[in-house]
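Chain order of the listed sequences is R and W. Under this note's numbering, the first residue of the first sequence is numbered 1, with each subsequent residue one higher. Under this note's numbering, the first residue of the second sequence is numbered 1001, with each subsequent residue one higher.
Number of protein chains: 2
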Amino acid sequence: MLSDLRQEFILHFGEMGSRWGINRTVGQIYAALFLSEEPLCADDLVGLLGVSRSNVSMSLKELQSWSLVQLKHRPGDRRDFFTTPDDMWQIVRTLVEERKKREIDPTLTKLRQLEMRPGSAEDAYAQARITEMRELIELLTGWYDQMNKLETERLVALLNMGAKLQKFAQSARILPKRTNKTEN
Amino acid sequence: MLSDLRQEFILHFGEMGSRWGINRTVGQIYAALFLSEEPLCADDLVGLLGVSRSNVSMSLKELQSWSLVQLKHRPGDRRDFFTTPDDMWQIVRTLVEERKKREIDPTLTKLRQLEMRPGSAEDAYAQARITEMRELIELLTGWYDQMNKLETERLVALLNMGAKLQKFAQSARILPKRTNKTEN
DNA sequence: TAGATGTTTCAGAAAAAACTGAAACGACTG
DNA sequence: CAGTCGTTTCAGTTTTTTCTGAAACATCTA
Chain R
1 MLSDLRQEFI
11 LHFGEMGSRW
21 GINRTVGQIY
31 AALFLSEEPL
41 CADDLVGLLG
51 VSRSNVSMSL
61 KELQSWSLVQ
71 LKHRPGDRRD
81 FFTTPDDMWQ
91 IVRTLVEERK
101 KREIDPTLTK
111 LRQLEMRPGS
121 AEDAYAQARI
131 TEMRELIELL
141 TGWYDQMNKL
151 ETERLVALLN
161 MGAKLQKFAQ
171 SARILPKRTN
181 KTEN
Chain W
1001 MLSDLRQEFI
1011 LHFGEMGSRW
1021 GINRTVGQIY
1031 AALFLSEEPL
1041 CADDLVGLLG
1051 VSRSNVSMSL
1061 KELQSWSLVQ
1071 LKHRPGDRRD
1081 FFTTPDDMWQ
1091 IVRTLVEERK
1101 KREIDPTLTK
1111 LRQLEMRPGS
1121 AEDAYAQARI
1131 TEMRELIELL
1141 TGWYDQMNKL
1151 ETERLVALLN
1161 MGAKLQKFAQ
1171 SARILPKRTN
1181 KTEN
């Protein structure tokens, strides 16, 4: 039912899953869908992966909440079929977007909240460190938002231009660090 | 011993840890070190976090394997003290580097290996998909390697130039896709 | 070398996460 | 409405991961 090639790919993503925050079955289901030209339904996955029906159901729900799978329907068939988007770039964008939402945004919120706190003297260093972290994250996410606006073609072109981009960076004027002093 | 502010930060990173592949104690220890102006020793952390000595020991080892903490020694004191690097950028670089090593590189290896396989007809689609994934990952990591070469100052300047970078991308010539045909 | 101080290891306990089967549910269909 | 087909939920079990305390180890010091 499943060629060695696909088997191996699927198992790899199952294992890999645990290094991310993803559980094995979710990883395997995603991998199976990714490699399948045809949409698959829950029972297909049960057969392919040998896990329980309910596990498949839960895992698909999880994948849907990540917007990583698409629901398809066949005319005259009540079952839900699933695929991954054809466009790999779309997949990457979704993945980054969702991870940002779940991993970065809550942290940013927390950091801002801690920063606001009227700080006792003993916390001066900690608060400075928190600010530093917040600023860095904002810089990175802000930049990411910019990149995300580009259409895929331009983005690919940009990524392909590693060397040229380096040159561009050379020309970038480095702004003096902002200090607390009011400099005139 | 631990102000509310720091307490909260530490707990947040403990929770957050699980969304990454990191366990709670590891996250908490890292957070505690991050906020501490002074290096801390294992027993300090036991006191601060209320976990067992051996847990702290294991977790510190884990953090060391990630190169996320630095060992310090005080003259005339046999104990190991730990800090996080002062430079946030260094932290980010390390983090990305290590995650790449653990999460991307093994996958890339596996993908290449599967791609080489003499493909049976039924695997044609799967293999095409694998190639697509491999190429995309290579593009992204290749680009990352370029960025990683920049000194921090230039990198920051570049990141701060979101808008300008967009314009730059506009000007980027979009190269025609490479095909198998030998074009003259 | 005996003792003091600090770190690491490891087998088992505790906690958390993943998974299952069975039952509930929902929505069409004759 | 009764039956069919498919999905979802959930209490309980299994598996995995994390954590602990005790013992082993290592190094310095009197």
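For each residue, glycine too, the CB sits at the ideal point set by N, CA and C. Bear in mind that the values here come from a model prediction, so they are computed numbers and not experimental data.
Using three-state DSSP, classify residue i as helix, strand or coil.
i        : result
N180(R)  : Confidence is the limiting factor: at N180(R) the pLDDT is only 48, short of 50, which leaves the residue's position unreliable, though a coordinate-based value still follows. Looking at N180(R) - three-state DSSP - the assignment turns out to be coil, as it is neither helix nor strand.
T83(R)   : strand
L1150(W) : coil
L1071(W) : strand
L2(R)    : coil
P1224(W) : Here chain W comprises residues numbered 1001 to 1184, so residue 1224(W) is not present and cannot be evaluated.
W143(R)  : helix
K16(R)   : Reading off the sequence, residue 16(R) comes out as Met, not Lys. It is helical.
I1010(W) : helix
S1052(W) : coil
W89(R)   : helix
I1130(W) : helix
G1021(W) : coil
D123(R)  : helix
G1047(W) : helix
D1105(W) : helix
M1161(W) : coil
G76(R)   : coil
In its own chain, which residues sit with a C-beta less than 6 angstroms from the C-beta of residue i, not counting the 5 before and 5 after it?
i        : result
R1006(W) : L1035
A121(R)  : none
Below 8 angstroms on C-beta distance, what does residue i contact in chain R?
i        : result
Y1030(W) : Under the 8 angstroms cutoff, chain R gives no residues; its nearest Cβ is about 12 angstroms from Y1030(W).
G1021(W) : S18, R19, W20 and G21
L1136(W) : M88, W89 and V92
Applying a beta-carbon distance threshold of less than 8 angstroms, which residues of chain W neighbour residue i?
i      : result
L71(R) : Residues of chain W passing the Cβ test: none, with the nearest at roughly 20 angstroms.
Give me the chain W residues within the contact set of residue i, using Cβ-Cβ distance strictly less than 9 angstroms, ordered along the chain.
i       : result
E98(R)  : Here the premise fails: no neighbours, minimum Cβ distance about 11 angstroms.
T107(R) : H1012, F1013 and M1016
In this structure, what does DSSP give as the bridge partners for residue i?
i      : result
L40(R) : F82(R)
By Cβ distance, which residues of its chain are closer than 7 angstroms to residue i, with the 5 residues on each side in sequence left out?
i        : result
L1111(W) : I1130, M1133 and R1134
F13(R)   : G27, Q28, Y30 and A31
Residues in the same chain with beta-carbon distance under 8 angstroms from residue i, minus the five sequence neighbours each way, listed in chain order, please.
i      : result
V46(R) : S52, R53 and V56
I91(R) : L68, T84 and P85
Of all the CB atoms in chain R, is at least one closer than 8 angstroms to the CB of residue i?
i        : result
L1002(W) : no
A1121(W) : no
V1026(W) : no
L1114(W) : yes
Between residue i and chain W, is the shortest Cβ-Cβ distance under 8 angstroms, so that the two count as touching?
i       : result
R6(R)   : yes
W143(R) : yes
T179(R) : Low confidence applies to T179(R): its pLDDT is 48, below 50, so where it sits in the model is not reliable, and the reading given next is rough at best. Answer no: the Cβ-Cβ gap between T179(R) and chain W never drops below 8 angstroms.
T182(R) : Because T182(R) sits at a pLDDT of 41, beneath the cut-off of 50, its placement in the model cannot be relied upon, and the point is left open.
K110(R) : yes
Closer than 7 angstroms by beta-carbon distance: list the chain R residues that pair up with residue i, in chain order.
i        : result
M1133(W) : M88
E1037(W) : Y125
Run the proximity test for residue i: is its beta-carbon closer than 7 angstroms to any non-hydrogen atom belonging to the ligand SAH?
i      : result
L45(R) : Within the structure as shown, the ligand SAH is missing, as the structure has no ligands at all.
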